[in-house]
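Read through the structure below, which is laid out as structure tokens, and then see the notes.
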Amino acid sequence: MNFTPKQNPLILGIESSCDETAAAVIRGRELLSDEIASSAATQAKFGGVVPEIASRAHAEAVDEVVARALKNAGVCKEELDAVAVTYGAGLLGALLVGLSFAKGLAYGLGIPLIGVDHIRGHLAAAYLEDPSLEPPFITLLASGGHTAILYTERADKFRVLGGTLDDAAGEAFDKVARVLSLPYPGGPHVEALAREGRAVVPMPKMLKGHGGYDFSYSGLKTAVINYVHTKEQKGEVWSRADVAASFQSAALDILVQKTVEGARETGAKTVTAGGGVIANGYLRERLTAACREAGLKLVLPVKKHCTDNAAMIAAEGLVQYRLGNFSPLSLNAEASIPLVRG
Ligand code: KG4
Ligand code: ZN
């Protein structure tokens, strides 16, 4: 392989870990294109993601989405310096579609392949929002699979301060949505309903243990289920909007509080965030207000870069490119990857 590292390489990012087939092109931290095809509407009919349907949808879309990303970036594939692709965590069949495509492209063009951990992609989304962003910073990560407060000391070194002991925040939103007869994915629907209600229904404490950063969503979910069932059994009137608002503030206030505490404890002056739940308007407002009050700089990715996308995969690809971390063509897809490896 003929390889000379560049300061601002042209990187194609590909994401296919769940139900979005996405491709994006960046030059350095400049985003040139950002394409997405989603099978979420089909999946919604089943109340969740059906792996086989997701894999087929990726296989049908990947060629066209990548072509669109290159076209809208105004570049041809021969100009690319690297291909970054999600290799995990996610649905194996879905991941393999993007990974195989990326391998073929990288091999054919004689350029490096960069396997990206999806969660690190969510962390890297903030780099696109603020091209001057550099560690150290605290990140609030809240997605369908993970919820944690992380401290990034250097580009290649982060540690988990704490997080959920059971369900992830997004998972809790999806489960509560089901109880409230809202469609999948539940987060945006719970948020919309919560806007019409008031947080007046008592909810359990989120924090586990004394102080610290660990919290539990499973108790919160059970409290919502019990409240709804009891009201229905007794034939009492209850407000779906109030339940949504009460759940939402219980689920999200703790994240804001612990993120600010994390910054105070580590001395980090900058806060970033990533993952689908960060698209939540209530959370964005609360986090913005709390950071302003604490004198912290907040770098909040646009909503489109909080939920799954390929721009963040390209952004993490750039981090790895600059570190010289490339992947062999034998790289395999992984269903799960521990939050911090090594
Ligand atoms: O990051 P993401 O797109 O996929 C994973 O990597 O998991 O996150 C998806 C999760 C889902 O659970 C979805 O319900 C939640 O993010 N989500 C939201 C909102 N938008 C998406 N949760 C709360 N409020 C939202 N507006
Ligand atoms: Zn994600």
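Taking my numbering, the leading residue of the sequence shown gets 280, the next gets one more, and so forth. Even for Gly, the Cβ is constructed at its ideal location relative to N, Cα and C. Small disclaimer: the values here were computed from a predicted structure and weren't measured.
Quick check: is any heavy atom of ligand 2 less than 7 Å from the C-beta of residue i?
i      : result
Asp587 : yes
Gly394 : no
Ser422 : yes
Gly327 : no
Gly232 : Only positions 280 to 621 of the chain appear in the structure, and residue 232 is not among them; the question remains open.
His337 : no
His397 : yes
His584 : no
His508 : no
Can you check DSSP and say which residues form a bridge with residue i?
i      : result
Gly420 : Checking the displayed sequence, the identity of residue 420 turns out to be Leu instead of Gly. Partner(s): Ala427 and Gly553.
Arg433 : Lys436
Phe494 : Thr443 and Leu486
Ser525 : The partner list for Ser525 (beta bridge, DSSP) is empty, contrary to what the question assumes.
Gly292 : Ala303 and Ala363
Asp396 : Gly367
Val581 : Per DSSP, none; premise fails for Val581.
Lys576 : Thr549
Ser606 : Leu392
Do residue i and residue j have their C-beta atoms closer together than 8 Å?
i      : j      : result
Glu595 : Val395 : yes
Ala348 : Ser295 : no
Ala381 : Val362 : yes
Leu577 : Leu566 : yes
Gly553 : Ala404 : yes
Ser495 : Leu444 : yes
Val455 : Val376 : no
Gly442 : Phe452 : no
Ile428 : Leu440 : yes
Ser609 : Gly367 : no
Ala434 : Pro414 : yes
Ala590 : Leu310 : yes
Ile623 : Gly307 : No information on residue 623 is available, as it lies outside the stretch 280 to 621 that the chain covers here.
Leu289 : Val354 : yes
Gly369 : Ser334 : no
Given a threshold of 16 other Cβ atoms within 10 Å of its Cβ, counted over all protein chains shown, does residue i qualify as buried or as exposed?
i      : result
Gln250 : One cannot answer for residue 250 here, as it falls past the ends of the chain, which runs 280 to 621.
Cys297 : buried
Arg620 : Caution applies to Arg620, whose pLDDT of 49 falls short of 50 and renders its modelled position unreliable; the value that the coordinates give is listed next. It counts as exposed.
Val516 : exposed
Asp342 : exposed
Arg399 : buried
Gly490 : exposed
Thr551 : buried
Tyr386 : exposed
Glu299 : buried
Lys548 : exposed
Gln599 : buried
Ala568 : exposed
His397 : buried
Pro580 : buried
Thr283 : exposed
Val480 : buried
His468 : buried
Is residue i a contact residue of ligand 1, with contact defined as CB to any heavy atom under 7 Å?
i      : result
Glu470 : yes
Ala478 : no
Gly367 : no
Gly465 : yes
Phe452 : yes
Cys297 : yes
Gly442 : no
Gly377 : no
Gly488 : no
Gly574 : no
Gly449 : yes
Please tell me whether, using a cut-off of 7 Å, the distance from the CB of residue i to the nearest non-hydrogen atom of ligand 4 is below it.
i      : result
Asn559 : In terms of ligand content, the structure shown lacks ligand 4 and carries ligand 1 and ligand 2 instead.
Do we get a CB-CB distance below 8 Å when we pair residue i with the residues of chain B?
i      : result
Val362 : The chain labelled as chain B is not found in the depicted structure, where only one protein chain is given.
Handout entry: Whole runs of the beta strand (DSSP E) within the region 348–389, excluding any shorter than 3 residues
Key = Whole beta strand (DSSP E) segments, 3+ residues: 361–367.
Problem - Length at least 3, wholly inside the region 299–351: the beta strand (DSSP E) runs in chain order - result: Runs of the beta strand (DSSP E) inside the region 299–351: 299–306 and 309–317.
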